[in-house]
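Novice: Handing you this structure, nothing more for now.
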Amino acid sequence: MQSYDWIPSSSLVDLHPDPTKRNKAVARRNIPVGSTVLSTPAFATALLDSEKGHRCDHCLREQTSLKKCSGCGSYWYCDAKCQNLHWQTNHKRLCKRIGQFENSVTFQQLEKHERMDSLLLSHLLAQLSTLNEPYSPRESRELEVALELLPGPASNVAAPPVCPIKPAPPSQRLVEDLFARFGNNNFTIHSHLNSIAHGVFPVASRLFNHSCVPNAVAKYVFSAGNTVTMEVVSLRDIAVGEEICIPYIDPALMQTRHQVFQITYGFVCDCPACAFLRKIGTSVPEPPEDATELAHLGAKLRDFVGVDEYLKGAPVVAADSQPRSLDDLPPALYCVLHESYMSTLSEAFSRASHEGDYVQAAESGVTLLALYLLVYPKNYPQIGMHLLEMAKTQWNHSFVALNPAGEDKEVAKNIVFQLLDLARSVLRVLGMEGDSETGPFREIEVLEDIARNA
């Protein structure tokens, strides 16, 4: 077997040949649920425009008070330490030119996603220009791995304009080669499931194939003075020799996923979920528009998944139970896989929760949970986040708004605790991520404290 010395020795994966893929990452040993399979720092990052001025451009942490770069006025930092580290990483090559570049007609005429590509590519090239031998793979293991990545199917698309850098790249070919690997190897960095930046992580891109039923997911860890780190975490127990896959896109995208895979990544997914979708045909039926029919559909979905039993069970038992799979889905429920159905449920739950229509919020919230349990793998973080939102809604219903006549407060309080326990049991698999001072674990603790004292 070929040796890959760029794989961190601390990781739990080896790279093996595969008859249908370039390679596959397999478990070196039995991996328990919630384990860090791989930890790898970002090669380059760029904050979303909406996050600029709210987060440090070096460590990406959210801060209430940031120090603006006096040289360009376009970058913000936690403190002098982060500013100096970012200066050494790439900003010294950009500071005098980035403001003029961002205000140029060439940059302003780009589409939003093209601007992000332009800035991310500029950051990467600026970093490579600081090497002892600028732009040389011999000086950068990450660059060597990045250039080993397969270009995307749209590799004939020209690279966007980049900020002028001195020393300049040795050739436009290098710029084009790097950009050709951006589209299908560009990770969205998130904090508590909210997108905040884009980043390039060559080692993770080289190792992990995609699955819509993944056994691992990526999370992002922010710490003062450090670049963001990706940690790939196991969602369930993984046996030695088993392939480890992560999702490249949201597994809930039942209809558009095939187009995304072909256009962005250039492959056909053969995971169980995609195999099921091919079996039922390319056209997923639309859900009904009539409110009564939608209510009946939701009841059938909840019954099929067994969501009431999930909610009634002990936290650990419920979290570890295996919901019904797509293969068992009856034709009458195929329409719940239409992407508009999840959007409708999500909007109904959010609207009813905020407007105080708690009966509607409870029904749509439980139905949305049933759909999540159906389309997402066990311990997927979206399930835990939704359980937390259901707990908040239940609390507002029973203790903040005008309460239903005759409601037993202790029963209502126990429902809140049960939802919080379920949320914690799912989210603790992923563990702390993003902005550690805030987030779901803190929200769970606060709501539990309030409920105990109510």
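In short: position in the sequence shown from 1, add 248, done, that's the numbering used here.
Even glycine gets a Cβ: it sits at the ideal position worked out from N, Cα and C.
Since this is a predicted model, take the numbers as computed values, not measurements.
Am I right that CYS411 and SER459 are in contact with their C-beta atoms under 8 Å? What's the rounded C-beta distance?
Specialist: By one-based count along the sequence shown, residue 411 stands at place 163. By one-based count along the sequence shown, residue 459 stands at place 211. At roughly 37 Å, the Cβ-Cβ gap does not stay under 8 Å, so CYS411 and SER459 are not in contact.
Novice: Measure the CB-CB distance between GLY546 and THR615 and report whether it falls below 9 Å.
Specialist: Here residue 546 corresponds to residue number 298 of the sequence shown, with the count starting at 1. Here residue 615 corresponds to residue number 367 of the sequence shown, with the count starting at 1. Against a cut-off of 9 Å, the Cβ pair of THR615 and GLY546 comes out as a contact.
Novice: What span of residues does the alpha helix (DSSP H) with GLU392 cover, start to end?
Specialist: Along the sequence shown, read from residue 1 onward, the residue named residue 392 stands at position 144. Looking at the DSSP string, the run of the alpha helix (DSSP H) that includes GLU392 is 389-396.
Novice: Please name the residue or residues paired with TRP324 in a DSSP beta bridge.
Specialist: Your numbering for residue 324 matches position 76 in the sequence shown. In the DSSP output, where bridge partners are listed per residue, TRP324 has LYS316.
Novice: Measuring alpha carbon to alpha carbon, tell me which of GLY554, ILE437, ALA500 ends up nearest TYR624.
Specialist: Counting from 1 along the sequence shown, the entry for residue 624 is found at position 376. Cα-wise, what sits closest to TYR624 is ALA500.
Novice: Out of curiosity, what's the CA-to-CA distance linking PRO536 and ARG277?
Specialist: Along the sequence shown, read from residue 1 onward, the residue named residue 536 stands at position 288. Along the sequence shown, read from residue 1 onward, the residue named residue 277 stands at position 29. So the two alpha carbons sit approximately 48 Å from each other.
Novice: Report yes if the CB atom of HIS438 is closer than 9 Å to the CB atom of GLY682, and no otherwise.
Specialist: Your numbering for residue 438 matches position 190 in the sequence shown. Your numbering for residue 682 matches position 434 in the sequence shown. Yes, these two residues count as a Cβ contact at 9 Å.
Novice: Would the beta-carbon of THR475 fall within 9 Å of that of ALA294?
Specialist: Within the sequence shown, residue 475 is the residue found at index 227, counting from 1. Within the sequence shown, residue 294 is the residue found at index 46, counting from 1. Their beta carbons are not under 9 Å apart, which means THR475 does not touch ALA294 by this criterion.
Novice: Our contact map puts VAL674 next to LEU635 with C-beta atoms below 8 Å; I'd like the distance itself, whole angstroms only.
Specialist: Here residue 674 refers to the residue found at position 426 when the sequence shown is read from its first residue. Here residue 635 refers to the residue found at position 387 when the sequence shown is read from its first residue. Right, the Cβ-Cβ distance comes to about 7 Å (below 8 Å), so this counts as a contact.
Novice: Which of the three DSSP states is assigned to CYS304 in this structure?
Specialist: Indexing the sequence shown from 1 puts residue 304 at position 56. Of the three classes helix, strand and coil, the one that applies to CYS304 here is coil, per DSSP.
Novice: Tell me the rounded alpha-carbon separation between ASP605 and ILE497.
Specialist: For the purposes of this step, residue 605 is identified with residue 357 of the sequence shown, where counting begins at 1. For the purposes of this step, residue 497 is identified with residue 249 of the sequence shown, where counting begins at 1. If you take the alpha carbons of ASP605 and ILE497, they lie about 33 Å apart.
Novice: Can you name, in chain order, every residue of its own chain whose Cβ lies under 8 Å from the Cβ of GLU696, other than the five neighbours on each side?
Specialist: Start at 1 with the first residue of the sequence shown, and residue 696 comes out as number 448. Cβ neighbours of GLU696 beyond the five flanking positions: PHE665, LEU668.
Novice: Is ILE698 near TRP643, with beta carbons less than 9 Å apart?
Specialist: Locating residue 698 in the sequence shown gives position 450, counting from the first residue. Locating residue 643 in the sequence shown gives position 395, counting from the first residue. Against a cut-off of 9 Å, the Cβ pair of TRP643 and ILE698 comes out as a contact.
Novice: Measure the alpha-carbon distance for ASP297 versus SER482 and round it to whole angstroms.
Specialist: Here residue 297 refers to the residue found at position 49 when the sequence shown is read from its first residue. Here residue 482 refers to the residue found at position 234 when the sequence shown is read from its first residue. The alpha-carbon atoms of ASP297 and SER482 are separated by roughly 31 Å.
Novice: Going by DSSP in three states, THR592 sits in which element: helix, strand or coil?
Specialist: Position 344 of the sequence shown, counted from the first residue, corresponds to residue 592. Three-state DSSP puts THR592 in a helix.
Novice: At what residues does the alpha helix (DSSP H) containing ASN434 begin and finish?
Specialist: Locating residue 434 in the sequence shown gives position 186, counting from the first residue. Note, ASN434: premise wrong, no alpha helix (DSSP H); not H, not E.
Novice: Please classify ALA523: does DSSP put it in a helix, a strand, or coil?
Specialist: Position 275 of the sequence shown holds residue 523. ALA523 falls in the helix class under three-state DSSP.
Novice: Determine the extent of the beta strand (DSSP E) in which GLY554 is found, giving its start and end residues.
Specialist: If you number the sequence shown from 1, residue 554 lands on position 306. Counting along the chain, GLY554 falls outside any beta strand (DSSP E), and DSSP gives it neither H nor E.
Novice: On a Cα-Cα basis, can you pick out the residue from CYS583, GLU479, GLN375 that is closest to SER259?
Specialist: The residue labelled residue 259 in the question sits at position 11 within the sequence shown. If we check each option's Cα against that of SER259, GLU479 comes out closest.
Novice: Give me whichever residues DSSP pairs with CYS493 in a beta bridge.
Specialist: To locate residue 493, count along the sequence shown from 1; it is residue 245. CYS493 pairs with ASN457.
Novice: The alpha helix (DSSP H) with ASN662 in it runs from where to where?
Specialist: The residue labelled residue 662 in the question sits at position 414 within the sequence shown. Here the alpha helix (DSSP H) through ASN662 covers 657-678.
Novice: Comparing alpha-carbon positions, which option in ILE279, GLN420, ALA610, HIS446 lies nearest ARG550?
Specialist: Start at 1 with the first residue of the sequence shown, and residue 550 comes out as number 302. Comparing Cα-Cα distances from ARG550 to each of ILE279, GLN420, ALA610, HIS446, the minimum goes to ALA610.
Novice: Mapping DSSP to helix, strand and coil, what is ALA500?
Specialist: Counted from its first residue, the sequence shown places residue 500 at position 252. Correct three-state label for ALA500: coil.
Novice: Measure the CB-CB distance between LEU574 and PHE509 and report whether it falls below 9 Å.
Specialist: As a position in the sequence shown, residue 574 is number 326, starting the count at 1. As a position in the sequence shown, residue 509 is number 261, starting the count at 1. Contact: no.
Novice: Mapping the DSSP letters down to three states, classify HIS544 as helix, strand or coil.
Specialist: The residue you call residue 544 lines up with position 296 of the sequence shown. Residue state, collapsed to three classes: helix.
Novice: For ALA562, which residues in the same chain have their Cβ closer than 7 Å to its Cβ, ignoring the five residues on either side in sequence?
Specialist: Taking the first residue of the sequence shown as 1, we reach residue 562 at position 314. Residue placement at ALA562 is flagged as unreliable, the pLDDT there being 40, under the threshold of 50; the coordinate-derived value follows with that caveat. Once the five neighbours on either side are set aside, ALA562 has no close Cβ partner at all.
Novice: Could you tell me which uninterrupted alpha helix (DSSP H) segments, each at least 4 residues in length, are contained entirely in the stretch 340-405, listed from first to last along the chain?
Specialist: Runs found: 346-350, 353-356, 360-377, 389-396.
Novice: Answer with buried or exposed for ASN432, where buried requires no fewer than 16 other C-beta atoms within 10 angstroms of its C-beta.
Specialist: In the sequence shown, the residue the question calls residue 432 occupies position 184. Looking at its Cβ environment, which holds 16 or more other Cβ atoms inside 10 Å, ASN432 is buried.
Novice: Looking at the unbroken beta strand (DSSP E) that takes in GLY447, where does it start and where does it end?
Specialist: Here residue 447 refers to the residue found at position 199 of the sequence shown. GLY447 -> beta strand (DSSP E) spans 442-448.
Novice: Along the chain, where does the beta strand (DSSP E) that runs through GLU479 open and close?
Specialist: Your numbering for residue 479 matches position 231 in the sequence shown. It spans 477-482 - the beta strand (DSSP E) in which GLU479 sits, taken as one unbroken run.
Novice: Compare the beta carbon distance of VAL423 and LEU369 with 9 Å and say whether it is the shorter of the two.
Specialist: Stepping through the sequence shown from its first residue, residue 423 is reached at position 175. Stepping through the sequence shown from its first residue, residue 369 is reached at position 121. Taking 9 Å as the Cβ cut-off, VAL423 and LEU369 qualify as a contacting pair.
Novice: Is GLY613 near LYS467, with beta carbons less than 9 Å apart?
Specialist: On the sequence shown, position 365 is the one that residue 613 refers to. On the sequence shown, position 219 is the one that residue 467 refers to. Result no, Cβ atoms of GLY613 and LYS467 do not sit closer than 9 Å.
Novice: Using the C-alpha atoms, what's the distance from GLN356 back to ASP365?
Specialist: Residue 365 sits at position 117 when you count from the first residue of the sequence shown. Residue 356 sits at position 108 when you count from the first residue of the sequence shown. So the alpha carbons of these two residues sit roughly 13 Å apart.
Novice: Assuming ALA221 and LEU308 are in contact, meaning their beta carbons sit under 8 Å apart, how far apart are those beta carbons, in whole angstroms?
Specialist: Here the chain comprises residues numbered 249 to 702, so residue 221 is not present and cannot be evaluated.
Novice: Which residue from GLU299, ALA374, GLU359 puts its Cα closest to that of TRP335?
Specialist: One-based indexing of the sequence shown puts residue 335 at position 87. Of GLU299, ALA374, GLU359, the residue nearest in Cα terms is ALA374.
Novice: Which residues mark the beginning and the end of the alpha helix (DSSP H) in which TYR606 is found?
Specialist: Reading the sequence shown from its first residue, position 358 is the one you call residue 606. Unbroken alpha helix (DSSP H) run through TYR606: 606-623.
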